[in-house]
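Residue numbers (my numbering), protein chains in the order written: chain A, 128 to 357; chain B, 128 to 357. Glycine included, each C-beta is placed from N, C-alpha and C at the ideal position.
This is the structure:
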């Protein structure tokens, strides 16, 4: 995931010293990506999706007029960020569904993948919620079409395959989706719960892996079909 | 839960017509409760915990000076609302832990109880998060001490009892707490996900019951000790 890696990467210091307001000689996919990276970085650092265009311009060292050029407006930029961050994951999930793996294995990879996405982009769920709340007449419904429905559909196919093979018991796919999405994400928006409830200051890679492992085991056992009694 | 019922109850219309700014002849526990009820009602209706003191005053028909009198300031009022809404549930949970029930039964009642709390007060988790974020030096740490730690401790005792009896497998209590809290709550802060992803406009009592049932079954099967192989 090249875009993903780029989004979390810090700018080298030389970049930050360039005057804000720069318009690159040749507009390119790169400056578009740089704006999205800057927005994502600020959201990650600040723990909120409330980001001003002037900050994105300053952080990227690019003229804020480019935001209008590439995305139309701020809402367009936020939707582009969602597509950049979650879009590829959905493509990968659709590939995963078709792979010659057991449904249990697909579920393990899917849960691990969701947790990794939230680990890299802890703002994702808040951003989806922000767009659905604030852009009811434009991008809100598109979040449903482009993000939620494809995710639910892929999960549904994995569940149905498992039920057909007799390894999963019947389960409501909507409630399953809500359960998985919230419990994958919880570690990454619960920093203050971790701090005040458990004295934990940082979500380390090791904690993330324990979370992934425990959640996968609970979910897999949770939907496992009961053993046949002879 | 008398307080709980009172908090969700709508004011009768006659109340709304009373002039805002009223100071009751005798200050009583009632006007304190009325202010908390008003704050909770506004949060529930608006889907946000961002409530102005003037709105609480107007809704309750009570002078906003009473907020200072009872709670010191707005943060104090928000913390009082948390204590009012969650405090009794924690007391009930502590009683539940000691009851002569199986650990599975305790877990079922606990999950159902948490879901009912979120159903009645869909703002609770956002309010806890708001206090921990905005009141780092005053009430934030108290949320850890008064809410999170007692909840985790009660869950831990249920888990340990089940492990001791050989019905639950070992599980990390912190990750378990995060998993349960987020997945109980998800149905009640996901109204836009339900709308745009599934075309559902309202969380009905029936949907809440399905959620409770599926979550309990998944969690119970998820932590069930593997059957003994002879």
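When the options are compared against residue i, the one with the closest alpha-carbon
i: residue 290 (chain A); options: A:207, A:276, A:250, A:347; result: A:347
i: residue 299 (chain B); options: B:312, B:285, B:292; result: B:285
i: residue 344 (chain A); options: A:331, A:168, A:280, A:307; result: A:307
i: residue 388 (chain B); options: B:216, B:183, B:237; result: Chain B is shown only over 128 to 357; residue 388 (chain B) falls outside these bounds and no answer can be derived.
i: residue 287 (chain B); options: B:234, B:276, B:193; result: B:234
i: residue 253 (chain A); options: B:172, B:316, B:350; result: B:316
i: residue 304 (chain A); options: A:264, A:350, A:334; result: A:350
i: residue 282 (chain B); options: B:328, B:198, B:219, B:265; result: B:219
i: residue 212 (chain B); options: B:174, B:332, B:255; result: B:255
i: residue 331 (chain A); options: A:214, A:242, A:275, A:274; result: A:242
i: residue 172 (chain B); options: B:279, B:191, B:250, B:301; result: B:250
i: residue 167 (chain B); options: B:246, B:340, B:199, B:280; result: B:246
i: residue 191 (chain A); options: A:309, A:163, A:274, A:268; result: A:163
Buried versus exposed call for residue i [16 or more other C-beta atoms within 10 Å across all chains shown]
i: residue 222 (chain A); result: exposed
i: residue 293 (chain A); result: exposed
i: residue 128 (chain B); result: Caution applies to residue 128 (chain B), whose pLDDT of 37 falls short of 50 and renders its modelled position unreliable; the value that the coordinates give is listed next. Counting Cβ neighbours within 10 Å, residue 128 (chain B) comes out exposed, since fewer than 16 surround it.
i: residue 326 (chain A); result: exposed
i: residue 179 (chain B); result: exposed
i: residue 181 (chain A); result: exposed
i: residue 156 (chain A); result: exposed
i: residue 226 (chain A); result: exposed
i: residue 143 (chain B); result: Only weak support exists for where residue 143 (chain B) lies, its pLDDT of 43 falling under 50; the coordinates are left without a value.
Which of helix, strand or coil DSSP assigns to residue i
i: residue 225 (chain A); result: helix
i: residue 292 (chain B); result: coil
i: residue 351 (chain B); result: strand
Alpha-carbon spacing of residue i relative to residue j, whole angstroms
i: residue 176 (chain B); j: residue 258 (chain A); result: 18 angstroms
i: residue 207 (chain B); j: residue 323 (chain A); result: 18 angstroms
i: residue 270 (chain A); j: residue 313 (chain A); result: 20 angstroms
i: residue 201 (chain B); j: residue 158 (chain B); result: 16 angstroms
i: residue 231 (chain A); j: residue 354 (chain A); result: 16 angstroms
i: residue 328 (chain A); j: residue 263 (chain B); result: 14 angstroms
i: residue 311 (chain B); j: residue 342 (chain B); result: 8 angstroms
i: residue 209 (chain B); j: residue 272 (chain B); result: 13 angstroms
i: residue 266 (chain A); j: residue 276 (chain A); result: 14 angstroms
i: residue 224 (chain A); j: residue 336 (chain B); result: 30 angstroms
i: residue 279 (chain A); j: residue 301 (chain A); result: 7 angstroms
i: residue 261 (chain B); j: residue 320 (chain A); result: 13 angstroms
i: residue 334 (chain B); j: residue 318 (chain B); result: 12 angstroms
i: residue 268 (chain B); j: residue 174 (chain A); result: 19 angstroms
i: residue 203 (chain B); j: residue 194 (chain B); result: 9 angstroms
i: residue 198 (chain A); j: residue 199 (chain B); result: 46 angstroms
Contact set for residue i: own chain, Cβ-Cβ below 7 angstroms, skip 5 residues either direction
i: residue 352 (chain A); result: 293, 294, 295, 296
i: residue 161 (chain A); result: 187, 189
i: residue 165 (chain A); result: 183, 186, 187
i: residue 309 (chain B); result: none
Cut-off 8 angstroms between Cβ atoms - residues of its own chain near residue i, not counting five sequence neighbours on either side
i: residue 228 (chain A); result: 236
i: residue 214 (chain B); result: 273
i: residue 169 (chain A); result: 178, 182, 183, 186
Close-in-space but distant-in-sequence residues of the same chain around residue i (CB under 6 angstroms, 5 per side omitted)
i: residue 244 (chain A); result: 216
i: residue 239 (chain A); result: 339
i: residue 248 (chain B); result: 212
Short CB-CB distance (under 8 angstroms) between residue i and chain D
i: residue 325 (chain B); result: Among the chains of the structure shown, chain D does not appear; the protein chains present are A and B.
Closer than 7 angstroms: residue i CB and nearest the ligand ZN heavy atom
i: residue 226 (chain B); result: Ligands in the displayed structure: none, and consequently the ligand ZN is not present.
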